[in-house]
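Number of protein chains: 2
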Amino acid sequence: MRLAELSERSGVPTATIKYYLRERLLPPGERITATKAEYGEEHLRRLRLVRSLIQVGRMPVATAREVLAAADDESLGQNARMGAAVWALPHGPEPEEDDPHAARAREQVDTVLRRMDWSHGQELGDNAPAYRTLVAAIASLDRLGYPHETEHLLVHARLAGELAVADLDLVETYGTPEQIEAVVALTVLYEPVLLSLRRLAQTEESSRRFKK
Amino acid sequence: MRLAELSERSGVPTATIKYYLRERLLPPGERITATKAEYGEEHLRRLRLVRSLIQVGRMPVATAREVLAAADDESLGQNARMGAAVWALPHGPEPEEDDPHAARAREQVDTVLRRMDWSHGQELGDNAPAYRTLVAAIASLDRLGYPHETEHLLVHARLAGELAVADLDLVETYGTPEQIEAVVALTVLYEPVLLSLRRLAQTEESSRRFKK
DNA sequence: ACACTTAGATAGTGCCACTCTCCAACGGAA
DNA sequence: TTCCGTTGGAGAGTGGCACTATCTAAGTGT
Chain A
1 MRLAELSERS
11 GVPTATIKYY
21 LRERLLPPGE
31 RITATKAEYG
41 EEHLRRLRLV
51 RSLIQVGRMP
61 VATAREVLAA
71 ADDESLGQNA
81 RMGAAVWALP
91 HGPEPEEDDP
101 HAARAREQVD
111 TVLRRMDWSH
121 GQELGDNAPA
131 YRTLVAAIAS
141 LDRLGYPHET
151 EHLLVHARLA
161 GELAVADLDL
171 VETYGTPEQI
181 EAVVALTVLY
191 EPVLLSLRRL
201 AQTEESSRRF
211 KK
Chain B
1 MRLAELSERS
11 GVPTATIKYY
21 LRERLLPPGE
31 RITATKAEYG
41 EEHLRRLRLV
51 RSLIQVGRMP
61 VATAREVLAA
71 ADDESLGQNA
81 RMGAAVWALP
91 HGPEPEEDDP
101 HAARAREQVD
111 TVLRRMDWSH
121 GQELGDNAPA
131 YRTLVAAIAS
141 LDRLGYPHET
151 EHLLVHARLA
161 GELAVADLDL
171 VETYGTPEQI
181 EAVVALTVLY
191 EPVLLSLRRL
201 AQTEESSRRF
211 KK
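Protein chains in written order, with full-length UniProt numbering: chain A, 1 to 212; chain B, 1 to 212.
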């Protein structure tokens, strides 16, 4: 299939596809002649994934490139690829150094990881992007004066753990070659799902408590 | 306190505070003379909230203005204000009309809402931003060919419900005047917390399943 | 008296995700 | 063969957004 058809089947403008090719979010098509290139079904798949990551997952283009590069890196094993891909996923602002709020937050996060027995997070320590983002977010709550007892965080952590189990169960239904892509897609695309459900649930719960 | 002190105590550059004032994210200070304005503790509070919403919650400035305007609107009751504020919260892309994937997603979401007995979401129907974002995200998963059984969605919905209960419990520990602001702050700032915990949990679970 | 600050308005900056324009190279129709 | 529309590729341009720098008139401290 040629660029025009790829565009039509995906709904992405040709100019944008060219941009993604230039940014190496898509592998180049097979060059037939100087002015003709052939794209396959896997290009269409990849293009749809890219679009989803960027538009639904609100991921920056540069980040999507890194994530996909990690997922594609054939020099790495299955696990290393997954880890690298999730590691490259977009994350929030970094916690500030020498900030008492950040210090308190860090302590609290460490307590939660210990209580949850998430040794992996402990080992990786404050290098993991998710850990740093978590600390920054909690530091921010602390700065605003909102309490966030460790107990309350543990509720969230426990629920996050259940989510992870459900997600990994789903991933395991795929064959190994697609698992890496599936982890990336499901991790990112279930984020808006989860957040939307939470907002709907909050609206529901709130109207139950206050309206009636 | 003057603008310079507000800047120093919050860590936000004066130029940026001026920008927020212009954009009506902060109420103007009390004008003393033509070149002097006095800001109070509540300006500092509000400024910190604005910064958190924008930087930690990644909320666009225009959206933050709408959310805060709704939370401040004294012509509305407690509940209407909360609803309006949450309604204005940033949301993802809209589902496309006349798209079979979106249609399937819509059906599935309705089933979930019915099974969860979330009548409120049912009544509001497809007008609620969270509902529309949810449909768009699931449509996207469908387009990519990832299965998302209603059962799997229900797992997420149930967990979202538990989260909402925990969150509202926390909100109720505040006095009514601060509750609206608390709902906004906690809804938005717990999103990165939840997503970070989920990623950490996934890493943990994944290393448990695959590494060992 | 006069250098220094301040509040406020206006214009400019940098980044990012596209999008437009151009060009040389085909490729089917006359 | 000659024409003319189409294609892939590359570089420059666009629009939106969140600031940020400059400027001006009006105080303030010594």
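Where a beta carbon is used, it is the ideal one built from N, C-alpha and C, also for glycine.
Note that this is a predicted model, so its numbers are computed, not measured.
- Less than 8 Å separates the beta-carbon of T111(B) from that of T150(B).
- Contact of D167(A) with chain B is assigned, a C-beta pair being separated by under 8 Å.
- Residue pairing for A37(A): DSSP places it in a beta bridge opposite R31(A).
- The three-state reading of DSSP puts E96(A) in coil, since its state is none of H, G, I, E or B.
- Neighbourhood of E66(A) in chain B, by CB distance below 9 Å: empty, with the nearest CB roughly 16 Å away.
- In terms of Cα proximity to V50(A), the closest of A130(A), T35(A) and E66(A) is E66(A).
- Judged by beta-carbon spacing, A130(A) lies beyond the 8 Å limit of L159(B), meaning their Cβ atoms are not closer than that value.
- Linking I54(B) to P60(B) through their CA atoms gives a straight-line distance of about 6 Å.
- Residues of the same chain with a CB within less than 7 Å of the CB of E96(A), apart from the 5 flanking positions on each side, are A102 in chain order.
- According to the DSSP assignment, Y174(B) belongs to no alpha helix (DSSP H), since it is labelled neither H nor E.
- Here S196(B) is buried: its Cβ has 16 or more other Cβ atoms, across all protein chains shown, within 10 Å.
- Annotation note: the stretch 108 to 170 of chain A contains the following uninterrupted alpha helix (DSSP H) runs of length 4 or greater, listed N- to C-terminal: 119 to 124 and 129 to 143.
- A direct Cα-Cα distance of roughly 15 Å separates H152(A) from P192(B).
- Contact annotation: the stretch 161 to 172 of chain A does not touch the stretch 31 to 38 of chain A, with fewer than three C-beta pairs closer than 8 Å.
- Within the model, the alpha-carbon separation for L170(B) versus Y146(B) is close to 36 Å.
- By the neighbour-count criterion, in which a residue is buried when 16 or more other Cβ atoms sit within 10 angstroms of its Cβ, G57(B) is buried.
- For the C-beta of L141(B), the chain A residues within less than 9 Å are, from N- to C-terminus, S52, V56, A185, L186, L189, Y190 and V193.
- DSSP, reduced to helix, strand and coil, places S75(B) outside both helices and strands of the structure shown, so it counts as coil.
- G92(B) has a beta carbon lying within less than 8 Å of a beta carbon in chain A.
- Interface residue (Cβ-Cβ distance to chain A less than 8 Å): A102(B) is not classified as such.
- For D142(A) and E181(A), the gap between their C-alpha atoms comes out near 36 Å.
- Put simply, the backbone Cα of T133(B) is about 11 Å away from that of Y190(A).
- Among the residues facing chain B, I138(A) is included, as its CB has a counterpart in that chain under 8 Å away.
- Think of a sphere of 7 Å around the beta carbon of T133(A): the chain B residues whose beta carbon falls inside it are P192 and S196, in chain order.
- DSSP places S10(B) inside the alpha helix (DSSP H), whose first and last residues are L3 to S10.
- The beta carbon of E23(B) sits closer than 7 Å to those of V61 and R65, all from its chain and outside the five residues before and after it, given in chain order.
- Nearest in C-alpha terms to G175(B), of all of S10(B), Q78(B) and Y19(B), is Q78(B).
- By the rule that beta-carbons nearer than 8 Å mark a contact, M82(A) touches chain B.
- Here DSSP, grouped into helix, strand and coil, assigns H43(A) to helix.
- Interface annotation, V155(A): in contact with chain B, CB-CB separation under 8 Å.
- Within chain B, the residues whose beta carbon sits less than 7 Å from that of G161(A) are A201, listed in sequence order.
- Taken through DSSP and simplified to helix, strand or coil, E23(B) comes out as coil.
- DSSP places G83(A) within a helical segment (H, G or I) once states are collapsed to three.
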